[in-house]
Amino acid sequence: MKTYRLACFVGLIVAACSPTSDYTKTDGGPNNPAAKGQVYAYNFDAAPTGALPSELAHVLGDWRVSEGAQGRFLEQTGEFHTADFPRVVLKDIAFTNVHAKVRCSMRAGETDRACGLMWRFVDSDNYYLTRANSLEDNVRFYKVVDGDREELASRDIKIPAGDWHTLEAFMEGTHVRVVWDGQTVIEDDDRTFQVGKVGLWTKADSVTSFDDLEATEL
946 MKTYRLACFV GLIVAACSPT SDYTKTDGGP NNPAAKGQVY AYNFDAAPTG ALPSELAHVL
1006 GDWRVSEGAQ GRFLEQTGEF HTADFPRVVL KDIAFTNVHA KVRCSMRAGE TDRACGLMWR
1066 FVDSDNYYLT RANSLEDNVR FYKVVDGDRE ELASRDIKIP AGDWHTLEAF MEGTHVRVVW
1126 DGQTVIEDDD RTFQVGKVGL WTKADSVTSF DDLEATEL
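FYI, the numbering for the sequence shown is 946 to 1163, going by the numbering used here.
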């Protein structure tokens, strides 16, 4: 297991810490239980361009709906510090046993090109996360507790940048299954969080587009 704290590197003479940006501390509103079997779907086609959809609570990032050849999508275009995690969360709906799914395209980024899904989101500093990174060519599963990001599992897999991909997370009880483009890449277990919201996540200077976000209570 790997734990990531605010990136500090201590040498014999000097110590340098990677800076971080201020972010919004939020729990995303009331934990209204999701109806079992109902698919909560967001394709952003009806959302006004140039702004964050009202269904999403902002934590960090420059998020807006944009128009493309195949319709509207949500994108994060801001460039942030290496230790920053731009993210948004679906308001007011909580899931216990969940299937979360999103299409994403990692378009640019010198430090990172990441596409992530959060679930059992308790607040801005406590949640489960799976993310793909096209610079590292891997998919990973983390838990974030009090802002500390701990790697629980990882899978190396080729991830072409610029293409649209599908990232899915299933969690029933303590069991997690992560699916990338229809292929199960991670299976693991953890019991830290029992219920919470679903959200989207990127890292550092990732310029990432998202579409067809879905969340279902299993």
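No residue lacks a Cβ here, since even glycine has one placed at the ideal position from N, Cα and C.
Use the C-beta contact count for residue i: other C-beta atoms within 10 angstroms, 16 or more gives buried, fewer gives exposed.
{"i": "Leu1035", "result": "buried"}
{"i": "Gly973", "result": "buried"}
{"i": "Asp1156", "result": "buried"}
{"i": "Val959", "result": "Residue placement at Val959 cannot be trusted, given a pLDDT of 34 that sits under 50; what the coordinates show is reported in the next sentence. Burial call: exposed."}
{"i": "Asn977", "result": "exposed"}
{"i": "Arg1094", "result": "buried"}
{"i": "Thr948", "result": "Here the model assigns Thr948 a pLDDT of 38, short of 50, so the residue's position is not dependable, and the following value carries that caveat. By the neighbour-count rule (16 or more Cβ atoms within 10 Å), Thr948 is not buried but exposed."}
{"i": "Thr969", "result": "exposed"}
Since residue i is in the beta strand (DSSP E), which residue starts that stretch and which ends it?
{"i": "Tyr987", "result": "Val984 to Tyr987"}
{"i": "Trp1109", "result": "Taken as a continuous stretch (DSSP letters only), Trp1109 belongs to no beta strand (DSSP E), as it is neither H nor E."}
{"i": "Lys1142", "result": "Lys1142 to Trp1146"}
{"i": "Phe1018", "result": "Gly1016 to Gln1021"}
{"i": "Asp1150", "result": "That residue, Asp1150, is in no beta strand (DSSP E); it is neither H nor E in DSSP."}
Out of the options, which one is the CA nearest neighbour of residue i?
{"i": "Lys1047", "options": "Phe1018, Gly974 and Arg1058", "result": "For the sequence presented, residue 1047 should be read as Val rather than Lys. Of the listed residues, the one whose Cα sits closest to Val1047 is Phe1018."}
{"i": "Glu1162", "options": "Gln1021, Asp1029, Asn1042 and Phe1025", "result": "Asn1042"}
{"i": "Cys1060", "options": "Thr1129, Tyr1072 and Glu1113", "result": "Glu1113"}
{"i": "Asp1037", "options": "Asp1150, Thr1153 and Gly1141", "result": "Gly1141"}
{"i": "Tyr1087", "options": "Val1123, Ala1053 and Pro1105", "result": "Val1123"}
Express the C-alpha separation of residue j and residue i in angstroms, rounding to a whole number.
{"i": "Thr1119", "j": "Asp1134", "result": "5 Å"}
{"i": "Gly1082", "j": "Ala1098", "result": "It is Asp, not Gly, that sits at residue 1082 in the sequence shown. Approximately 14 Å, taken between the alpha carbons."}
{"i": "Ala1160", "j": "Lys1148", "result": "22 Å"}
{"i": "Asp1108", "j": "Gln1139", "result": "33 Å"}
{"i": "Phe1025", "j": "Asp1150", "result": "5 Å"}
{"i": "Trp1008", "j": "Arg1058", "result": "16 Å"}
{"i": "Glu1132", "j": "Arg1052", "result": "27 Å"}
{"i": "Ser1154", "j": "Phe1115", "result": "22 Å"}
Below 8 Å on the Cβ atoms is my contact criterion, and I expect residue i with residue j to pass it. Report the Cβ-Cβ distance as a whole number of Å.
{"i": "Val1010", "j": "Gly995", "result": "7 Å"}
{"i": "Met1063", "j": "Val1143", "result": "7 Å"}
{"i": "Leu1074", "j": "Gly1054", "result": "Actually they do not touch by this definition, with Cβ atoms about 17 Å apart."}
Does the beta carbon of residue i sit closer than 8 Å to a beta carbon anywhere in chain B?
{"i": "Ala1014", "result": "You won't find chain B in this structure, because it holds only one protein chain."}
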